[in-house]
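For the sequence shown, the numbering used here begins at 172 and goes up steadily by one.
Heads up, the beta-carbon is just placed ideally off N, CA and C, and yes, glycines get one too.
Only one structure is covered here, and it is reproduced in the block below.
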Amino acid sequence: MKTKLMTPNAIRVWQGYRSLQYQDDIEGFLSKLGQIFIPVTVQLMSPMGLRMYYPAIVPQPTDCPKNRLPNEIALVGYPSQQTYFDASHRTVAGRAYASLHQTVFNFDPGDMPASFSDFPIAYSGASQFNWKTPYYFSGEAIDWHELYVGVLIWTWPESLLAHKKPLAIDLLDLCNEQMGSNKNLFEIIAVMQQGYGIIWFASDALRWPAKILQYLEANECRTVMKAFHDITNISPLFSEDDNGIAVSLGEALDVRLST
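This is the structure:
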């Protein structure tokens, strides 16, 4: 899977909640992800244009309300949004891959959250803010595979839930400021939910954006996951003795197709 310069508006932001079948079977869920879903993503979709794939398996704190956090999140990058739509809807492989999601994730609204994905848009200030909308802050074309990619997930403090929207907006404003002042940062993608928030960032330094961490700590946000994505190579499609990969809670991967 060759990575080229990519703009963030072509990177799909995925948040997946495991299906009812796996609600009480986390080991079965992890096995399905590692043996089938994550490997086949790059095996099937790389020939269709997939250029980067950064999944992460989100741990679920025992004292969090049930189903509050997604079980798997990912950045899924294509050269353009049109390439993504063509690959997903105008090829047999893409439609087969789309249908595979139903075997792992929930898509029906109800007591259990429905899985969803979207392309991020440029952040332009508080007047534009919406929950669930992914935002990017640079818009420049970069090669993510040449940078360190970190992911940070937190929950809002229970004591400040009435003020979580101002907190979210202030944090997005801080991300915007950091893109101009932190010379190590090349891009940030953030999405704010009413129960939690997620930030991905691409940097040429293997360290966390200190001011963002300080803001979360100062406002008593609880960090649930903090990890850099590790390179994970996947065998080509139709390889013999292909057992996929082993995945675990709290793991963030940079999944690439071996050639």
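Cα-Cα, which of 291, 396, 195 is closest to residue 423?
Walking along the sequence shown from the start, residue 423 turns up at place 252. Measuring from the Cα of residue 423, the nearest candidate turns out to be 396.
What are the boundary residues of the beta strand (DSSP E) that includes residue 350?
Your numbering for residue 350 matches position 179 in the sequence shown. First-last for residue 350: 335 to 352, but that is the alpha helix (DSSP H), not the beta strand (DSSP E).
Using a Cβ-Cβ cutoff of less than 7 Å, which residues in the same chain neighbour residue 350 once the five nearest sequence positions on both sides are dropped?
Within the sequence shown, numbered from 1, the residue matching residue 350 stands at position 179. Result list for residue 350: 308, 309, 356, 359, in chain order.
Pick helix, strand or coil for residue 188, following the three-state DSSP scheme.
In the sequence shown, counting from the first residue as 1, residue 188 sits at position 17. Reduced to three states, the DSSP call for residue 188 is coil.
Nearest to residue 287 (by Cα), restricted to the options 372, 273, 340, 295:
Indexing the sequence shown from 1 puts residue 287 at position 116. Of the candidates 372, 273, 340, 295, the one whose C-alpha sits nearest the C-alpha of residue 287 is 273.
What are the boundary residues of the alpha helix (DSSP H) that residue 374 is part of?
In the sequence shown, the residue the question calls residue 374 occupies position 203. That residue, residue 374, is in no alpha helix (DSSP H); its beta strand (DSSP E) goes 367 to 374.
With a cut-off of 8 Å on the beta carbons, I'd call residue 405 and residue 184 a contact; round off their distance for me.
Here residue 405 refers to the residue found at position 234 of the sequence shown. Here residue 184 refers to the residue found at position 13 of the sequence shown. Not quite, the Cβ-Cβ distance comes to about 21 Å (not below 8 Å), so this is no contact.
Would you tell me roughly how many angstroms separate the C-alpha atoms of residue 387 and residue 409, rounded to the nearest one?
The count along the sequence shown starts at 1 and reaches residue 387 at position 216. The count along the sequence shown starts at 1 and reaches residue 409 at position 238. Between residue 387 and residue 409, the C-alpha separation is close to 45 Å.
Environment of residue 243 [buried if 16+ CB atoms lie within 10 Å]
Residue 243 sits at position 72 when you count from the first residue of the sequence shown. Buried, since its Cβ has 16 or more Cβ neighbours within 10 Å.
Check whether the stretch 248 to 268 touches the stretch 218 to 228, counting contact only when three or more Cβ pairs, one atom from each stretch, lie closer than 8 Å.
yes
Local conformation of residue 363 per DSSP, three classes
Within the sequence shown, the letter at position 192 stands for residue 363. DSSP places residue 363 in strand when its eight states are reduced to three.
Quick one: using the 10 Å Cβ neighbour count with 16 as the cut-off for buried, is residue 263 buried or exposed?
Sequence index remark: in the sequence shown, residue 263 carries index 92 (1-based). Residue 263 should be labelled exposed.
Exposed or buried, residue 312, counting other C-beta atoms within 10 Å across all chains shown (16 or more means buried)?
Taking the first residue of the sequence shown as position 1, residue 312 is located at position 141. Residue 312 is exposed by the Cβ-count criterion.
Is residue 291 near residue 179, with beta carbons less than 8 Å apart?
The residue labelled residue 291 in the question sits at position 120 within the sequence shown. The residue labelled residue 179 in the question sits at position 8 within the sequence shown. Yes, Cβ-Cβ distance for residue 291 and residue 179 is below 8 Å.
When the Cα of residue 367 is compared with those of 230, 204, 347, 266, which residue comes out closest?
Working through the sequence shown from its first residue, we reach residue 367 at position 196. Considering only alpha carbons, the answer is 230.
List the endpoints of the continuous alpha helix (DSSP H) containing residue 213.
Taking the sequence shown and counting its residues from 1, the one referred to as residue 213 is at position 42. From DSSP, the alpha helix (DSSP H) with residue 213 extends over 209 to 216.
Under 8 Å, do residue 205 and residue 418 count as touching if we go by C-beta distance?
Here residue 205 refers to the residue found at position 34 of the sequence shown. Here residue 418 refers to the residue found at position 247 of the sequence shown. Their beta carbons are under 8 Å apart, which means residue 205 touches residue 418 by this criterion.
In the DSSP assignment, the alpha helix (DSSP H) including residue 259 goes from what residue to what residue?
What you label residue 259 is simply residue 88 of the sequence shown in a count that begins at 1. 252 to 260 is the extent of the alpha helix (DSSP H) around residue 259.
On the three-pair Cβ rule with 8 Å, is the stretch 317 to 325 touching the stretch 370 to 378?
yes
Pull up the distance between the alpha-carbon of residue 337 and that of residue 384, whole angstroms please.
Translated into positions along the sequence shown, residue 337 becomes position 166. Translated into positions along the sequence shown, residue 384 becomes position 213. So the alpha carbons of these two residues sit roughly 17 Å apart.
Helix, strand or coil at residue 324 according to DSSP, with G and I counted as helix
If you number the sequence shown from 1, residue 324 lands on position 153. The answer is strand: DSSP assigns residue 324 an E or B state.
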